[in-house]
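Peer 1: If you scroll down you'll find the structure; I have some questions about it.
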Amino acid sequence: ADDLGASDILRSWDQPLALSVGLAWQDSRLALSALAGWHRGWPRSPVELIAPGGGDPGEIVLGRRNSARWRDFYSLDLRGSYTWPMTRGDLVLVLEATNVTDRANECCLRLQADDSGNFFQGEIDHWLPAVANLGVSWRWRGPH
Numbered sequence: 018a019d020d021l022g023a024s025d026i027l028r029s030w031d032q033p034l035a036l037s038v039g040l041a042w043q044d045s046r047l048a049l050s051a052l053a054g055w056h057r058g059w060p061r062s063p064v065e066l067i068a069p070g071g072g073d074p075g076e077i078v079l080g081r082r083n084s085a086r087w088r089d090f091y092s093l094d095l096r097g098s099y100t101w102p103m104t105r106g107d108l109v110l111v112l113e114a115t116n117v118t119d120r121a122n123e124c125c126l127r128l129q130a131d132d133s134g135n136f137f138q139g140e141i142d143h144w145l146p147a148v149a150n151l152g153v154s155w156r157w158r159g160p161h
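Each residue of the sequence shown is one higher than the one before, counting from 18 in the numbering used here.
The following block contains the structure:
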């Protein structure tokens, strides 16, 4: 927390409760791993959008800094690799999948003009979707 005058303000990455569990298995050529993670939602500053009406202008009302929280964050990541030993080195194929359940973890509020173009509407955005990465590497061993 940051000390600002008489109050403490939580930092945007505050997560006092978190849990990560990982499993890994490996034999001579194949390696598999999984990581499941959860943490309490990060702090956020509440925003209220009051549309114009009855001759009154619209308002964007900001709440106290970081006084609310996004929903809890969950993720499941998987990784597998296979190694082919060769004369001068090893060829390694790696497949990684991040957020495999494609959970829409909340992260931010996007403000954009409404249909009339006279005010804003808010849309909650989300962190990283499910992503797969495929990689190949060569580990050179050199002469013995």
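Positions of the beta carbon are idealized from the N, C-alpha and C atoms, including for glycine.
1. Quick check on Arg-127: does DSSP put it in helix, strand or coil?
2. Use the C-beta contact count for Ser-92: other C-beta atoms within 10 angstroms, 16 or more gives buried, fewer gives exposed.
3. Please give the ranges of any beta strand (DSSP E) in the stretch 33-69, keeping only runs that are unbroken, at least 3 residues long and fully inside the region.
4. Specify the secondary structure class of Thr-118 as computed by DSSP and reduced to three states.
5. Starting from Leu-21 and walking both ways along the beta strand (DSSP E), at which residues does that stretch end?
6. What separation, rounded to the nearest whole angstrom, lies between the Cα atoms of Pro-63 and Leu-49?
7. Going by DSSP, name the residue or residues bridged to Asp-73.
Peer 2: According to the data block:
1. strand
2. buried
3. 35-43, 47-56 and 64-67
4. coil
5. 19-21
6. 41 Å
7. Gly-70
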